[in-house]
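So the sequence shown is numbered by the UniProt record's numbering: it starts at 1 and just counts up by one. Built from N, CA and C at the ideal position, the CB exists for glycine as well. None of these values were measured; they are calculated from a predicted model. Inspection log for the structure reproduced underneath, given as structure tokens.
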Amino acid sequence: MEAAAPEYVQHKDNRDLSHIPGSYGLPLLGNTFGFITAPFDSLDQAYRQYGPVFKSSLTFQRMVVALGPEFIQQLMLDSKQEFSARMGYDAPLGDFFAGGLLMRDFQEHKFHRRIMQTAFKIDAMRTYVDLMQPIISQQLASWNTPGDFTFYPNVKTLLLDVGAKVFLGMDLDGPETDALNQAFLDMNEGTVALIRRDWPGLTYHKAMNGRRKLEEFFFNLTPERRGKDGKDMATFFANETTEDGDYFSEKVVGEHLIFLLLAAHDTTTSALTMAAYYLANDQAWQERLREETASLGRAELEYDDLGKNVPNLDHAFKEVLRMNPPVPMLMRRTVKPVQLGDFELEPHTMIQVSPLYTHRMAEYWTNPHVFDPDRFAREEHKQHPFLWAPFGGGAHKCIGLHFADMLFKCTLAQLLSTYRIRFAKEGQFPSKIQNFPFAKPMDDLPLVLEKL
């Protein structure tokens, strides 16, 4: 049975931030437009004008923004349980990720995290590598077709097929795949909709229809997996039990699967797309990664390769996530009075901290806007434990981070062993980058694939 909602979720946001420096920007829109189109520049301007802690108005919410690794650490470790992730993300994501780990706090979060424990143990991860490699190989072979090729939609399809096998234990094809993929696309668009009402004709309503379609799919899938012996995440989740030996409900399991599949699919799609973007521009690093994989004598990585045998690939993965973190901003809301830097915040105050900004602070990083995986060999990231924080930290640290690492490396190693990738036209670097909800070039990254 679901626990009763805690008292703090009943309160509206505290909007009295008069003692905090900063500006709310334009009426209604606030600072949203500049933040969405050029987030680093927008944050940097405020940082230089007001200091590391300032107030702002973003996506119709008044909030305190705190920039720097020390504030990420304070919110993520949260030893005094002062910050609610659930209420931090409730306005933009609550309808879409309802029931997922992101929308649960404290003991409830810890309790629900146990549903996923078996699915992310080492034995399970080894199985996932074996499941995903033939799918990656087959999909990459289909890319060798004449004509225009855009990377983003193709890698998105590849990862959906991997997700179907690894998460669901299914081979999706035809209308079923198209419907599932469209439901995810519709949900993504809803996260950045300006009018957030579930009314016919609106983007948000279309997004909620996508959520309802996914609920129907996953809620029906869960009981089918009870008592079955499968190696996919859905089967692992469906067979987890409480301390009393009872199965978690179809609703609970289904909601966790929706959140995890969406989070894993779209963040890894973004990371691989941005990796291809940087590597198409840097042929030397592309060749360096190709030679590292070739030195293993095989294009398909094994699980034991990931942590020690491909250091350049590991540094490239970290550098892509430094430059374009999958979750650019981390949100929390206070549940009690909190000291943040020089300022005391009232309960129910929205706070945003920024891996996107912290990952490019010139006081820590050498040439922070330049793609340079070797900075991780130089250990620039070790100047502060939360200087590199693409997966958050503390109790809410992304449970799928090792899976994301594995999927990224296995896919990129096979891609570079199969093709040399180049830009399809002049002037593609630098490109206009869409930053929200996930980073990708605005043109979806047209490429030329040269078969090796």
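For R225, the closest alpha carbon among the candidates G307, Q81, G254 is that of G254. At the C-beta level, G94 and R332 stay beyond 7 Å of one another. The alpha carbon of I20 has as its nearest neighbour, out of F40, D44, G30, R62, the alpha carbon of R62. If you look at T269, you'll find it isn't in any beta strand (DSSP E); it sits in the alpha helix (DSSP H) that goes 250 to 281. With fewer than 16 neighbouring CB atoms inside 10 Å of its own CB, A377 falls in the exposed class.
In the three-state scheme derived from DSSP, where H, G and I count as helix and E and B as strand, F343 is classed as strand. The Cβ atoms of L301 and A424 do not sit closer than 7 Å to each other.
Within the segment 284 to 334, the complete beta strand (DSSP E) segments of 3 residues or longer fall at 330 to 334, listed in chain order. In chain order, V166 place their CB closer than 6 Å to the CB of Y128, counting only its own chain and leaving out the 5 sequence neighbours on each side. DSSP, reduced to helix, strand and coil, places I20 outside both helices and strands of the structure shown, so it counts as coil. Assignment of alpha helix (DSSP H) within the segment 348 to 377, counting only whole runs of 4 or more residues, yields 355 to 358 in chain order.
Taking T267 as reference, the option from V9, V320, Q283, A316 with the minimal CA-CA separation is V320. Shown here, K12 sits in coil according to DSSP, grouped into three states, outside any helix or strand. The residue from P347, M116, L306 with its alpha-carbon nearest to that of I399 is M116. Counted as a single uninterrupted DSSP element, the stretch harbouring M442 is not any alpha helix (DSSP H), since DSSP gives it neither H nor E. Put simply, the backbone Cα of Y152 is about 9 Å away from that of L272. Membership of L387 in any beta strand (DSSP E) is not indicated, and neither H nor E is assigned to it by DSSP. Selection L168, L17, P6 evaluated against E346 yields L17 as nearest (Cα-Cα). When Cβ pairs closer than 8 Å are counted between the two stretches, the segment 46 to 61 is seen to touch the segment 24 to 37, the count reaching three or more.
DSSP places Y419 inside the beta strand (DSSP E), whose first and last residues are 419 to 423.
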